[in-house]
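Enquirer:
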Amino acid sequence: MIKDAIAKLADRASLTEQEAESVMLEIMDGGASPAQIAAYLMGLRLKGETVEEIAGSVQAMRAKAVRIAVGDPLIVDTCGTGGDGAHTFNISTTTALVVAGTGLTVAKHGNRSVSSKSGSADVLSALGVKIELPTERVADCLNEVGIGFLFAPLYHGTMKHCAGPRQEMGIRTMLNLLGPLTNPAGATIQVLGVYEGRLTSLLGNVLMHLGSQHCFVVHGMDGLDEITLTATTQVSEAKGGILANYMLDPAEFGLTLVPAKQLAGGTAQENAAITRDILQGRKGPKRDIVCLN
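Here our numbering is used: the first residue of the sequence shown is 6, the next is one more, and so on.
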């Protein structure tokens, strides 16, 4: 299947959702060579991924993922694509803790850092969280406490076949988009930050197509993959089968814009200290951006 897909992409033709799902299943089953995987990903990138191609790939990943059973039907996730190169503190991870404090169930999906000093797994480890808990224990956390961390490598083991080609290619591909779309607990309420403005509408349509309940796909006009406090934010909001695209201004919430340096983070230990300060009530731009998200 992957050979046929590569040939189709070489002619700038798009794949159907079913074709994309079949190719991803073939990749995850170990049926594609590293060269074929790289050619496939590059073909998609050069042509431009469609809603159907991403959705089909997501369906395959969801089918192969280790799943977590959660009693609450309303599951929230704040996982984003990362890769914005902004070197802020861990905004979405801190946001997840605050959201859980409001009584919502948060299944925080994430990984170690790829492009920054501290990914969600890194900062949570620094905070004392055991990120590699067995699935059953994470389910207990979600059902009893209302928050749990889903360490991506433990739930998407079949994606190991993409690791080599992805590292050797060294560029963003569709794989950068799939993680936030494949929450193992089946989160249907999301705030998903993306590294490019063009992706908000694209992923908003993907989430709507896949049946998400209420999602915000966001991109700060300063390049941040969060709702930012240094500029306006481009938002695609998917709810009830309708996608609304708009700009969000912090001034609407009574907040003033701040220089990017006031949102800067550092190592995992430094970011953990920032998160503790915010949770203990320290006021300032860092707390404001968490509240905004």
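Cβ atoms here follow ideal geometry from the backbone N, Cα and C, with glycine treated the same way.
Here the structure is a predicted model, which means the values were calculated and not measured.
1. If Leu253 sits next to Thr237, beta carbons under 8 Å apart, how far is it from one beta carbon to the other, in whole angstroms?
2. List the residues that DSSP assigns as beta-bridge partners of Gln218.
3. Is the distance from the Cβ of Leu155 to the Cβ of Ala112 below 8 Å?
4. Assess contact between the stretch 7-25 and the stretch 51-60, defined as three or more Cβ pairs (one per stretch) separated by less than 8 Å. Is contact present?
5. Where do the ends of the beta strand (DSSP E) carrying Asn302 lie?
6. Considering just the uninterrupted stretch of the beta strand (DSSP E) at Glu242, what are its terminal residues?
7. For Arg72 versus Pro185, is the C-beta spacing smaller than 8 Å?
8. So, does the stretch 7-17 touch the stretch 36-44, judging by three or more C-beta pairs under 8 Å?
9. Looking at Gly191 and His224, is the spacing between their C-beta atoms short of 8 Å?
10. When you compare each of Glu31, Thr86, Lys52 to Asp230 by their alpha carbons, which one comes out closest?
11. State whether the stretch 135-145 contacts the stretch 95-110, with contact taken as three or more CB pairs (one from each stretch) at a distance under 8 Å.
12. Following the continuous beta strand (DSSP E) through Asp145, name the residue where it begins and the one where it ends.
13. Could you tell me whether the Cβ atoms of Ala65 and Met29 are closer together than 8 Å?
14. Below 7 Å CB to CB, which residues in the same chain sit around Ala126 once its five sequence neighbours on both sides are set aside?
15. Whose C-beta lies closer than 8 Å to the C-beta of Ala43 among residues of the same chain, with five residues either side of it excluded?
16. What is the DSSP secondary structure of Phe258, reduced to helix, strand or coil?
17. Met179 and Leu51 look like a contact to me (Cβ under 8 Å); what is the Cβ gap, rounded to whole Å?
18. Please return the same chain residues whose Cβ sits closer than 6 Å to the Cβ of Ser27, not counting the five positions on each side in sequence.
19. Quick test of your reading: Ile80 and Ile194, contact by CB under 8 Å. State the CB separation rounded to the nearest angstrom.
20. Which residues does DSSP pair with Ala112 in a beta bridge?
21. How many Å lie between Lys244 and Leu204 at the Cα?
Expert: Short version:
1. Counting from one through the sequence shown, the residue named residue 253 turns up at place 248. Counting from one through the sequence shown, the residue named residue 237 turns up at place 232. Yes, they are in contact, since the Cβ atoms of Leu253 and Thr237 sit about 6 Å apart, within 8 Å.
2. As a working note, residue 218 is residue 213 in the sequence shown. Paired residues: none, contrary to the question.
3. The count along the sequence shown starts at 1 and reaches residue 155 at position 150. The count along the sequence shown starts at 1 and reaches residue 112 at position 107. Yes.
4. Proximity of the stretch 7-25 to the stretch 51-60 meets the contact definition, three or more beta-carbon pairs being nearer than 8 Å.
5. Nothing in the structure corresponds to residue 302, since the chain is present only between 6 and 298.
6. In the sequence shown, residue 242 corresponds to position 237, counting from 1. For Glu242, the uninterrupted beta strand (DSSP E) segment begins and ends at 238-244.
7. Position 67 of the sequence shown holds residue 72. Position 180 of the sequence shown holds residue 185. In this structure, Pro185 does not lie closer than 8 Å to Arg72 by Cβ.
8. Enough Cβ pairs lie closer than 8 Å, so yes.
9. On the sequence shown, position 219 is the one that residue 224 refers to. On the sequence shown, position 186 is the one that residue 191 refers to. No, these two residues do not count as a Cβ contact at 8 Å.
10. For the purposes of this step, residue 230 is identified with residue 225 of the sequence shown, where counting begins at 1. Looking only at Glu31, Thr86, Lys52, the smallest Cα-Cα distance to Asp230 is reached by Thr86.
11. Flag = no, the stretch 135-145 and the stretch 95-110 do not touch.
12. Within the sequence shown, numbered from 1, the residue matching residue 145 stands at position 140. Per DSSP, Asp145 belongs to no beta strand (DSSP E); it is in the alpha helix (DSSP H), 140-149.
13. Here residue 65 refers to the residue found at position 60 when the sequence shown is read from its first residue. Here residue 29 refers to the residue found at position 24 when the sequence shown is read from its first residue. Annotated as proximal: Ala65 and Met29, with beta-carbon spacing under 8 Å.
14. Here the question's residue 126 lines up with position 121 in the sequence shown. Excluding residues within five positions, the ones whose Cβ falls inside 7 Å are Gly115, Asn116, Arg117, Ile136, Phe156.
15. Indexing the sequence shown from 1 puts residue 43 at position 38. These residues qualify, in order along the chain: Pro170, Glu173, Met174.
16. Residue 258 sits at position 253 when you count from the first residue of the sequence shown. Note: Phe258 maps to helix in three-state DSSP.
17. On the sequence shown, position 174 is the one that residue 179 refers to. On the sequence shown, position 46 is the one that residue 51 refers to. That belief does not hold up - the Cβ atoms of Met179 and Leu51 are roughly 12 Å apart, past 8 Å.
18. Locating residue 27 in the sequence shown gives position 22, where the first residue counts as 1. Answer for Ser27: Met6, listed in chain order.
19. Here residue 80 is taken as the residue at index 75 of the sequence shown, counted from 1. Here residue 194 is taken as the residue at index 189 of the sequence shown, counted from 1. Approximately 7 Å separates the beta-carbon atoms of Ile80 and Ile194; this is inside 8 Å, confirming the contact.
20. For the purposes of this step, residue 112 is taken as the residue at position 107 of the sequence shown. For Ala112, which the question treats as bridged, DSSP gives the partners Gly153.
21. As a position in the sequence shown, residue 244 is number 239, starting the count at 1. As a position in the sequence shown, residue 204 is number 199, starting the count at 1. C-alpha separation (whole angstroms): 17 Å.
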